[in-house]
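K.L.:
Protein chains: 2
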Amino acid sequence: MDIATRVYNHKWKIDPIVRSLIDTDFYKLLMCQSVFRNKPETIVTFSLINRSSSVPLAKLIDEGELREQLDHIRSLRLSRGESTWLRGNMFYGKRQMFRPDFMEWFEHLQLPPYHLERRGDQYELTFEGKWHEVMLWEIPALAVLMELRSRAVLNGMRRFELQILYARAMTRVWEKIEQLRKIEGLGIADFGTRRRHSFLWQDWCVQAMIEGLGANFSGTSNCLIAMRREVEAIGTNAHELPMVYSALADTDDALAQAPYDVLSDWHEEHDGNLRIILPDTYGTEGFLDRAPDWLAGWTGIRIDSGDPAKGAETAIKWWKARGEDPRDKRIIFSDGLDVEKIIELHTQFAGRTKVSFGWGTLLTNDFRGLVPNDALAPFSLVCKAISANGHPTVKLSDNPEKAMGPPEEIERYKRVFGVGAQESVEVIV
Amino acid sequence: MDIATRVYNHKWKIDPIVRSLIDTDFYKLLMCQSVFRNKPETIVTFSLINRSSSVPLAKLIDEGELREQLDHIRSLRLSRGESTWLRGNMFYGKRQMFRPDFMEWFEHLQLPPYHLERRGDQYELTFEGKWHEVMLWEIPALAVLMELRSRAVLNGMRRFELQILYARAMTRVWEKIEQLRKIEGLGIADFGTRRRHSFLWQDWCVQAMIEGLGANFSGTSNCLIAMRREVEAIGTNAHELPMVYSALADTDDALAQAPYDVLSDWHEEHDGNLRIILPDTYGTEGFLDRAPDWLAGWTGIRIDSGDPAKGAETAIKWWKARGEDPRDKRIIFSDGLDVEKIIELHTQFAGRTKVSFGWGTLLTNDFRGLVPNDALAPFSLVCKAISANGHPTVKLSDNPEKAMGPPEEIERYKRVFGVGAQESVEVIV
Chain W
1 MDIATRVYNH
11 KWKIDPIVRS
21 LIDTDFYKLL
31 MCQSVFRNKP
41 ETIVTFSLIN
51 RSSSVPLAKL
61 IDEGELREQL
71 DHIRSLRLSR
81 GESTWLRGNM
91 FYGKRQMFRP
101 DFMEWFEHLQ
111 LPPYHLERRG
121 DQYELTFEGK
131 WHEVMLWEIP
141 ALAVLMELRS
151 RAVLNGMRRF
161 ELQILYARAM
171 TRVWEKIEQL
181 RKIEGLGIAD
191 FGTRRRHSFL
201 WQDWCVQAMI
211 EGLGANFSGT
221 SNCLIAMRRE
231 VEAIGTNAHE
241 LPMVYSALAD
251 TDDALAQAPY
261 DVLSDWHEEH
271 DGNLRIILPD
281 TYGTEGFLDR
291 APDWLAGWTG
301 IRIDSGDPAK
311 GAETAIKWWK
321 ARGEDPRDKR
331 IIFSDGLDVE
341 KIIELHTQFA
351 GRTKVSFGWG
361 TLLTNDFRGL
371 VPNDALAPFS
381 LVCKAISANG
391 HPTVKLSDNP
401 EKAMGPPEEI
411 ERYKRVFGVG
421 AQESVEVIV
Chain U
1001 MDIATRVYNH
1011 KWKIDPIVRS
1021 LIDTDFYKLL
1031 MCQSVFRNKP
1041 ETIVTFSLIN
1051 RSSSVPLAKL
1061 IDEGELREQL
1071 DHIRSLRLSR
1081 GESTWLRGNM
1091 FYGKRQMFRP
1101 DFMEWFEHLQ
1111 LPPYHLERRG
1121 DQYELTFEGK
1131 WHEVMLWEIP
1141 ALAVLMELRS
1151 RAVLNGMRRF
1161 ELQILYARAM
1171 TRVWEKIEQL
1181 RKIEGLGIAD
1191 FGTRRRHSFL
1201 WQDWCVQAMI
1211 EGLGANFSGT
1221 SNCLIAMRRE
1231 VEAIGTNAHE
1241 LPMVYSALAD
1251 TDDALAQAPY
1261 DVLSDWHEEH
1271 DGNLRIILPD
1281 TYGTEGFLDR
1291 APDWLAGWTG
1301 IRIDSGDPAK
1311 GAETAIKWWK
1321 ARGEDPRDKR
1331 IIFSDGLDVE
1341 KIIELHTQFA
1351 GRTKVSFGWG
1361 TLLTNDFRGL
1371 VPNDALAPFS
1381 LVCKAISANG
1391 HPTVKLSDNP
1401 EKAMGPPEEI
1411 ERYKRVFGVG
1421 AQESVEVIV
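Protein chains in written order, with the numbering used here: chain W, 1 to 429; chain U, 1001 to 1429.
1. What number of angstroms, rounded off, separates the C-alpha of U/M1103 from the C-alpha of U/S1198?
2. Quick check on U/A1258: buried or exposed, where buried means 16 or more other Cβ atoms within 10 Å of its Cβ?
3. Give me, in chain order, the residues of the same chain whose beta-carbon lies closer than 6 Å to that of U/P1406; leave out the 5 immediate sequence neighbours on both sides.
4. U/N1050 lies in the beta strand (DSSP E); which residues open and close that run?
5. Taking U/K1028 as the reference, give the member of U/E1161, U/E1240, U/L1125 and U/E1128 with the closest Cα.
6. Could you run through the segment 1139 to 1162 of chain U and flag, in chain order, every residue whose CB is less than 7 Å away from some CB of chain W?
7. Could you tell me whether any Cβ in chain W is nearer than 7 Å to the Cβ of U/T1364?
8. Quick check: the segment 1142 to 1151 of chain U against the segment 1061 to 1074 of chain U, are there 3 or more CB pairs under 8 Å?
9. If you follow the beta strand (DSSP E) that W/A189 is in, where does it begin and where does it stop?
10. By alpha-carbon positions, which one of W/L363, W/E340, W/P140 and W/G214 ends up nearest to W/P16?
11. Which one of W/N273, W/D304 and W/T361 has the shortest CA to CA distance from W/A403?
12. Which parts of the segment 1383 to 1419 of chain U are runs of the beta strand (DSSP E), unbroken and 3 residues or longer, counting only runs that do not cross its ends?
13. Assign U/V1035 to buried or exposed, taking buried as 16 or more other Cβ atoms, counted over all protein chains shown, within 10 Å of its Cβ.
14. Looking only at its chain, what residues have a beta carbon closer than 8 Å to the beta carbon of U/V1153, apart from the 5 residues adjacent to it on each side?
15. Hey, quick one: how far does the alpha helix (DSSP H) through W/V506 stretch, first residue to last?
16. In chain U, which residues lie with their C-beta within 7 Å of the C-beta of W/G212?
17. Work out the CA separation of U/G1120 and U/D1190 for me, nearest whole Å.
18. On the three-pair Cβ rule with 8 Å, is the segment 1166 to 1183 of chain U touching the segment 1076 to 1096 of chain U?
19. Is W/P279 buried or exposed, if buried means 16 or more other CB atoms sit within 10 Å of its CB?
20. Between W/S75 and W/S246, what straight-line distance do the alpha-carbon atoms span, to the nearest angstrom?
21. Can you determine whether any heavy atom of the ligand GDP sits closer than 6 Å to the C-beta of W/K39, and answer yes or no?
22. By the three-class DSSP mapping on this structure, what secondary structure does U/L1125 have?
23. Mind listing the chain W neighbours of U/T1171? Cutoff is C-beta to C-beta under 7 Å, in chain order.
24. Just to confirm the assignment: which complete beta strand (DSSP E) runs, minimum length 3, are found wholly within the segment 206 to 270 of chain W?
25. I need the boundaries of the alpha helix (DSSP H) containing W/I73, first residue and last residue.
26. With H, G and I counted as helix, E and B as strand and the rest as coil, what does DSSP make of W/F26?
27. Determine, for W/D174, whether the minimum Cβ-Cβ distance to residues of chain U falls below 7 Å.
28. Could you work out which residues of chain W lie near U/A1208, taking near to mean beta carbons separated by less than 9 Å?
29. Quick check: what's the CA-CA separation for U/V1206 versus U/F1217?
30. Enumerate in chain order the residues of its own chain whose CB-to-CB distance from U/N1222 is below 6 Å, with the five nearest sequence positions on each side excluded.
31. Does the Cβ of W/Q110 have 16 or more other Cβ atoms within 10 Å, making it buried, or fewer, making it exposed?
32. Whole alpha helix (DSSP H) runs in the segment 1144 to 1183 of chain U with 4 or more residues, listed along the chain?
33. Where U/Q1202 and U/E1268 are concerned, what is the direct C-alpha to C-alpha distance, given to the nearest angstrom?
34. Cβ of U/A1058 within 7 Å of Cβ of U/R1118?
35. Which word fits U/P1308, buried or exposed, when buried means at least 16 other C-beta atoms lie within 10 angstroms of its C-beta?
36. If you reduce the DSSP assignment to three classes, tell me which class U/W1359 lands in.
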């Protein structure tokens, strides 16, 4: 390293974790643009929720350091090169995916203030403001907490211990890639930004996927890495859309309709591979049963909770019932994947439908068993919309362990969406 | 890396393997000084011998590249900093280990010409000239061939394959070090220069030993690495001294005396931990039986061939027979060691004598099983004195697989030194 680079690095008061507003998931930007157009006045609260209470974040992470990282994110602005890339790059085969009015706004965006308080061994971290501004906190907030936790553990380690730790982790990732290499016609993307071990590690994993899988690696959800490594930025939409639309519904009828309103808005804006249904927010079966026919014409479905094979069978059955050929459709698996599960699902569904995988935490954060007390094991941290215009949000999903919201609202949603007994699946990541 | 460094690196016509005249084993310099004083007019021939004929060096390594590397070594001169270190550093507790007349000569040394010819799938590489000049070719010549062979295999590999290869090799070395860490009172040095995978790799291994073993790592035989990493330079003397002294002997009586003449010259020059007997050149048992009593007063014995436990028992018995307490003596094991053997020998002999280990090839070149066809496995390459003043040299050692010299001379040496049947041990490295 040259002297200038060292001096430059020493100028940092902190070692920032998130250094760019596009160090975030691509679907966040797509959803942001949609909200910017369709719900620009909605006020939401997002909140950090550590589903792994055994990981005492407030004991591990210094509050001052956390504030510095969050403050640094608020100092970020979209850079000229990033803006040029968003405006000029082709996404999902389409140029000018991001409209000029949205880009104009994004170029001037500063993320809104955060609220941070220690509660016992956990932090309460919330963001309140316009939906399209607040929503952009989700990914960097998660990435900062995950990486500060990694740093807290790594801090006590010596130079060669660190080198061996990464040597082992690299070997593990590469051995997974070697397994995946054997799958003919695999399509897999990196979805691991939010719970990554660190930015540099995610970047390394993506490069390993590029070299190891070639064209079978379809891209990364991380915009900054997609730009730098010149691969596809991947992603469509997430639960926050139906959750907020539903919270805004005034009546039970409007509530029942809300998830379809989301996709109706999306239908107007996007086509092709961006028309991916995320059906599980309030139970997949009921959602598909009551879905309008135009939705069966969409390109695919993303399975993000519950037993994935069961979810895929449900989707295939639904398409058939609606006169669609499942072989023309795409199923994207994105929940808690690791290599064995990917191989199993691919074996079961390839040929019957088009299969893709969004591989997250166990790609970018599999340090299980590599340090004493498993102190680097991934854990289940989320950052979700908890209210919209003063109404609490609710998520049911196909796994009751992932349900969110006040109990009485959960009961109401279950009634409105006709959700009965659900099978519980342990949430690891 | 800064631009200047890149440009500087691009200036190299080749990527040199040996970049310093002190990138060699410390004992070479000690022996060189001894020869410079005691046998300055002796003309010797050194020759490269690949004991692993299954490794077709001339097929793997381009002759032009090999010549470039050897030519580069001939362009090297002792640098001012290197000279200062040799003159000023304390070695084995002694200042000014290297005499001014020797340093004066060394500062002006250029290595003598080499003779290189392809013979089938092997290279014939020989050096002829004054002993104290030619002998300094041994280590760099071996290191160049070993590393060119590594490069030939690595050339075909892609970036991430390389990264994983080194990740696995690092993990392996570290796991060995973690094993060694458990041994209380261990004393171990790096003896792996000559058959190292590469210079950078040896340097990494030494750093790992420093961090992992602390004071139990006694140092490295490599002078350049010892200087840069600020650890002890380790080594005493080798078979070439008795081999050449013996070849110079005119009569059988003089031959029988020659190995003791070597140690008599050494006795005059060195004391303490540098008084280490290497007894196996013409059979350990006979050598010790006939040794003069003053030799039993030396500090220790290095076991470099045959069954090491048996050799150590022989030494202990000999000391006892000569009225010496083996607990005051040191046994240095240096032949074909790996962790299991080190642990076994330490367990067997610690307490009964002082035990040290010179760990070579399986420290600095254990890439076994890490690439297809085991193409990076270490192999048995040596560079030895084959004649002195026109007389062939002979080595018997305690393992007939390591014997060298014309058959009729081997028979004569066996007769003169009273060597009977020997147990054959497979030579791996």
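Backbone N, C-alpha and C fix where the C-beta goes; we use that ideal spot for every residue, glycine too.
P.N.:
Checking against the coordinates, here is how it stands:
1. 28 Å
2. buried
3. P1392
4. I1043 to N1050
5. U/E1240
6. R1158, R1159 and F1160
7. no
8. yes
9. I188 to D190
10. W/P140
11. W/D304
12. none
13. buried
14. L1060, V1371, A1375 and L1376
15. Past the boundaries of the shown model lies residue 506 of chain W; chain W is included only from 1 to 429, so the question cannot be answered.
16. F1160
17. 34 Å
18. no
19. buried
20. 33 Å
21. In the structure on display, the ligand GDP does not appear, and there are no ligands present to speak of.
22. strand
23. I164, A167, R168 and T171
24. 217 to 220
25. E63 to S75
26. helix
27. A quick correction: the sequence has Trp, not Asp, at residue 174 of chain W. So yes, W/W174 belongs to the interface.
28. F160, Q163 and I164
29. 9 Å
30. T1193
31. exposed
32. 1159 to 1181
33. 34 Å
34. yes
35. buried
36. strand
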